[in-house]
Structures are given as C-alpha cells and as structure tokens.
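Colleague:
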Amino acid sequence: MEMNVNDKRTKSGHFEVGDGDDGAIMEMKDMQGKMLVIKERAIYEVSFADTIDPKREYPDLPANVQKKLIDLGTESQLASKTYLMALKMMKPEYISAYVDVKRALEVSFELLLELHKLNQEKESYRLAEKAAIEEYELRRGQKLDYKLPSIPDIQTRCKTFFQKADHVLQTLMEINSLFFIEKKLHKQAHFDTFLSLLKEEYGEKDDFVKMIEQVLPFLKKLRALRDCLDHRQDGVIITDFDLQLNNNVLTPTISLNFRKETIERMPLEMLMDATTKNLLYTVESTLALLCGKHVCIDKMMPYCLRFIPKQQRRNKYIKYAFWSPIGELGWFYQ
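Its first residue numbered 1, the sequence shown is counted upward by one per residue in our numbering.
1) What is the rounded straight-line gap between the Cα of Leu329 and the Cα of Thr282?
2) Using 10 angstroms around the beta-carbon of Asn247, count the other beta-carbons present and answer buried if the total reaches 16, otherwise exposed.
3) Looking at the structure shown, is Thr156 part of a helix, part of a strand, or coil, going by DSSP?
4) Considering only the alpha carbon of each residue, which of Trp331, Leu268, Phe162 and Thr286 lies closest to Ser177?
5) Any chance you could list the beta strand (DSSP E) runs of at least 3 consecutive residues sitting entirely within the region 21-108, in chain order?
6) Would you give the residue range spanned by the beta strand (DSSP E) that Asn278 belongs to?
7) Mind checking which residues open and close the alpha helix (DSSP H) that includes Arg226?
8) Check whether the region 53-66 and the region 99-113 are in contact - that is, three or more C-beta pairs closer than 8 Å.
9) Measure the Cβ-Cβ separation of Val349 and Tyr58 and say whether it is below 7 Å.
10) Would you list the one or two residues that DSSP bridges to Asp242?
11) Since Lys164 and Glu121 are thought to touch, with beta carbons under 8 Å apart, how far apart are those beta carbons, to the nearest angstrom?
12) Going by CA-CA distance only, name the one from Tyr320, Ile38, Pro267 and Lys293 that's closest to Arg306.
13) Buried or exposed, going by whether 16 or more other CB atoms sit within 10 Å of the CB of Lys210?
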C-alpha cells in the first residue's frame, strides 16, 4: 500500500549531508525555512519538502534536497573571516532595525564567492608561471635549443584578475550601503566617498576611519588597474618572461602609471598575492566595524564589538564578535 503524502512528510528518518571529504558538520543554521549546514570544508543548503510544497500537493518530492554552496568551510580562512563571521554578527537581535540583515547576509555570501574566484585566478596564474619555469629548466638541462618561457594569455589573465578584484570592492560597497541606508550611500560609490561619510559621522580619529585611510591608497591602485585594463588605456605595462643582457630571465612583471596612481615594476605574482591579502583584510575589518557601528541599543543587555583572544576563539580564524559584560570576563557571542 502506497504511503500518502502526509505520512511521508511526518515519518522519522535520517540523511547525510555531503560526503566524508567535506569533513564534520560544525554548525547548522535556520535560514528562512532552509537549513544552512556548515562543515569543515564545505557549506550546504538543505531544503525540505514542506518548504518547497507547503500544501503537500506533490507526494513524489524527496523529503529533502541538499545543494553544495561552496567548497569552503570552517577550516578556510577565507570563509571564516568573511561569511562565517557575518553569520555570527548580522542578526536582528544585534543589528539596528533599519539595516536589512537578510540582504546583508546574502551579499556577504556573494562577497565570499567573489573572493574565492579571485583566489582561484591567482592560483591558476601561479601554476601557469610554475609550469613555464619548469619547462624552461627542463630544456636547459637537456641542452635543447634556447626557448624563453612564456604565458601566452598573460594579458587576459591580468584583465580577469583585476576585474574580479574590483568586483570584490563593488560587492563590499553594496554591504556598506545597506548599513548606511539612512545616509543614502549609493552601492556604486567609491571608497573615498565612503571615507568622507565616515569622517563626517564619527570623526577623524575613529578606528573605522583610520582603517579605510590605511587601505584606500591600495584600493585606488586596484581601481586604476581595472579601468586601464578594461578600457584598453595606456598606463599598465605587463611584461612576460624577460631575458636580460646577463642571461638572467625575469619572471612576468607589471607596472602602472595612470590617473596619478603608480606602481613601480614588480613581479606580477607578488602583486596578485598582495591584492588577495589586502582585500581579505579590508573585507574582514569592514564587516566587523560595520556591525560594531550599527549595534542595536539594549539597556538590559548591552553589546559591543570586541577582539576575541586566541585562547577563547571557537573558530581560530574568526577574530571579532559581539561581547557583553556577563560574569567576570564577559561573554563573546560566538
């Protein structure tokens, strides 16, 4: 006898999320009727039949549907310092009501995806450069005809990388605009505009102001690189492997001189590495400070943003959390 839809939906059972390669389940969160499953090396979204078909009109639907969102989890610095930190802090009970927390979390995940793509582009370039060097050394060892190493698509790789770097900044600015919606900050604003807003709001000596002042010169160079490469302007010089008069071979380099922004000739891989590191720092610091500046006022249980001492961290990569003066040492909401 075939089981009816009500019996199917209410019967007990179990299921596995992902596979062993993803590691253990570290946390689960309810996200508007769907379950977010955070594992050590992946994040999954699980939807249930009653969420998809609340009227129970389709008995053949599977009891649950799982979808891998990204191959990063709690063991990833990138995921932990961005989206996983945002999940801990961007909650209606902590953040002022005028902030659309749901949308801020959605864009925070988009931000993680953009950063992940950027890191993949960097790694792809690193491997291409490594392969070219290995081929060159192999030919030298075999005493074959001289062949200079090269990365034929180096121009395209650069354009793609710095476009994606700019996408990270645009996505971060959209989150900024959600928190400063009352100040009418546009999601397409530049960071110098954002800095002016912060100075007006909090003063010259504020920590948020100082952080943006610290990173702004580099962010301006990234925007100049993107504009120059995207619009095929003179100003960026990308040089593939370059034979010197002393027979040394330089690895690929890049330099910039565009709209008063300059970068002296330097190894391309070094600039890519600096870009990913600086953007991760900028994103992590901005997300934390946004939440700290827009915490809701609760006279019964005050919250404030604090740095978590290493020995007290549940996730070793998440450095910031809300804190309340509970007990002798206070309580971090992790």
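Where a beta carbon is used, it is the ideal one built from N, C-alpha and C, also for glycine.
Modeller: Quick look at the numbers:
1) Cα atoms of Leu329 and Thr282: separation of roughly 29 Å, rounded to the nearest angstrom.
2) The residue in question, Asn247, is exposed, as its Cβ has fewer than 16 Cβ neighbours within 10 Å.
3) helix
4) Thr286
5) 25-31, 34-39, 43-48 and 64-70
6) It is not in any beta strand (DSSP E) - Asn278 instead sits in the alpha helix (DSSP H) that spans Leu268 to Lys293.
7) Asp207 to Asp230
8) Segments in contact, no.
9) This structure cannot settle anything about residue 349, because the visible part of the chain is limited to 1 through 334.
10) Looking at the DSSP assignment, Asp242 forms a beta bridge with Leu250.
11) Going by Cβ atoms, the distance from Lys164 to Glu121 rounds to 6 Å, so yes, they are a contact pair.
12) Tyr320
13) exposed
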